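Residue numbers (this note's numbering): 1 to 95. Below is one structure, written out as structure tokens; the observations come after it.
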Amino acid sequence: MCGRYVSPKDADIERQWHIGATHNWYPENRWIGMRIGDPDIDLAMMAKSQGAVGIGPVTKAGDLQKAIDQGVEVVAKGGVCVVDARVLPGYDAEG
Numbered sequence: 001m002c003g004r005y006v007s008p009k010d011a012d013i014e015r016q017w018h019i020g021a022t023h024n025w026y027p028e029n030r031w032i033g034m035r036i037g038d039p040d041i042d043l044a045m046m047a048k049s050q051g052a053v054g055i056g057p058v059t060k061a062g063d064l065q066k067a068i069d070q071g072v073e074v075v076a077k078g079g080v081c082v083v084d085a086r087v088l089p090g091y092d093a094e095g
């Protein structure tokens with residue numbers, strides 16, 4: 001089978017675009033229902049509420065290594081840790 005790989009997220013967005021075009025919806029709204037934000041979810045606090053160690057949110061690249069080191073230390077001692085590392089909306093490693 002030949003073809004390009006389409007991630008499930010991209011497939012969903014393409015499907016939303018197709019449905020929107022069929023119903024004359026605005027194409028710039030095709031992400032609605034698939035993006036969570038405004039306000040962003042505080043994943044570190046959610047982790048704490050479940051008994052894990054929550055670190056973050058980490059918003060600066062310079063702070064990420066320290067957060068990872070803290071997380072590794074927690075896990076090495078047998079704990080559970082979530083590092084809430086934020087990236088800019090729309091970030092694409094290929095772009």
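By construction, the Cβ of each residue, glycine as well, lies at the ideal position given by its N, Cα and C atoms. Quick caveat, the model's predicted, so the values are computed rather than measured.
Between Pro57 and Asp84, how many whole angstroms is the CB-CB distance? I'm expecting something under 8 Å.
Confirmed, Cβ separation roughly 4 Å.
*Does the distance from the CB of Cys81 to the CB of Val74 come in under 8 Å?*
Yes; because the gap between Cβ atoms is below 8 Å, this pair is in contact.
Within 10 angstroms of the Cβ of Gly106, are there 16 or more other Cβ atoms? Answer buried if so, exposed if not. Not covered by the structure: residue 106. The range shown for the chain is 1 to 95.
(request) Give the DSSP-derived three-state secondary structure of Gly51 in the structure shown. (result) Three-state result, Gly51: coil.
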